[in-house]
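**Q** Quick note, the sequence shown lines up with residues 1 to 160 if you use the working numbering. The beta carbon of each residue, even a glycine, is placed where N, CA and C say it ideally should be. Have a look at this one before I ask anything.
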Amino acid sequence: MTDPADFERLSRNWIHWSEVAGLTEVSVSTDCADCAILFSSSDSSVHLRHDGDWWVVDTVNDRRQRANDTARFSSYELAEKYLVFIWGSAARSVQRAPLPGPALYQLGFSPDVEALPISEGVYELRSAEGRAVLPEPYATIVSRLIGKPLDEIEEILRAG
1 MTDPADFERL SRNWIHWSEV AGLTEVSVST DCADCAILFS SSDSSVHLRH DGDWWVVDTV
61 NDRRQRANDT ARFSSYELAE KYLVFIWGSA ARSVQRAPLP GPALYQLGFS PDVEALPISE
121 GVYELRSAEG RAVLPEPYAT IVSRLIGKPL DEIEEILRAG
């Protein structure tokens, strides 16, 4: 399992984007019975767990309904890119700032990424950086982000 110190940057992003979005009771914990790290607020939470060869994202909505396996990644780094993008996009939406996701989606799947349909609306992405399993529209968007360094993704989200 990954050392909790590896979660420092992701934790900072969660705190930052939660504050931008105006979330309350924001916290991060590596003391969760069913995940490696828990990102929570009064409105929602994200459980990131390591399951065999995959980093798996589970989400809990404002009604406390849990959705398991909302996304899977072959490396922690890919999961980190995804979560930072999702959190940053949600915060930008609250602030009514332009969202980068629709423009990325309109480009279609990246030609550098193999996108294999595994069920209706769900794709496995394969690239030199690793693999991811995501539903649409996130599969298309992430295919455009998968090869970018996290610094660049953070810059995209902070721009505008």
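1) Taking 6 Å as the limit between beta carbons, can you name the residues of its chain near Leu164, skipping five residues before and five after?
2) Could you check whether the region 83-97 touches the region 114-127, counting it as contact only if at least three pairs of C-beta atoms, one from each stretch, sit closer than 8 Å?
3) Looking at Phe39 and Ala165, is the spacing between their C-beta atoms short of 7 Å?
4) Per the DSSP calculation, Ala67 is bridged to which residue(s)?
5) Determine, using beta carbons only, whether Phe7 comes closer than 7 Å to chain D.
6) Given a cut-off of 7 Å, decide if His16 and Ala36 are closer than it, judged by their beta-carbon atoms.
7) In the DSSP assignment, the beta strand (DSSP E) including Ala115 goes from what residue to what residue?
8) Buried or exposed: where does Leu134 fall if 16 or more other Cβ atoms within 10 Å of its Cβ makes it buried?
**A** Quick look at the numbers:
1) Here the chain covers residues 1 to 160 and nothing more, so residue 164 does not appear.
2) no
3) Limits of the chain in this structure are 1 at one end and 160 at the other, which puts residue 165 out of reach.
4) Locating residue 67 in the sequence shown gives position 67, counting from the first residue. Paired residues: Thr59.
5) No chain D appears in this structure, which consists of one protein chain only.
6) Against the sequence shown, residue 36 aligns to sequence position 36. Against the sequence shown, residue 16 aligns to sequence position 16. Taking 7 Å as the Cβ cut-off, Ala36 and His16 do not qualify as a contacting pair.
7) Here residue 115 is taken as the residue at index 115 of the sequence shown, counted from 1. From DSSP, the beta strand (DSSP E) with Ala115 extends over 114-119.
8) Here the question's residue 134 lines up with position 134 in the sequence shown. So Leu134 ends up on the buried side.
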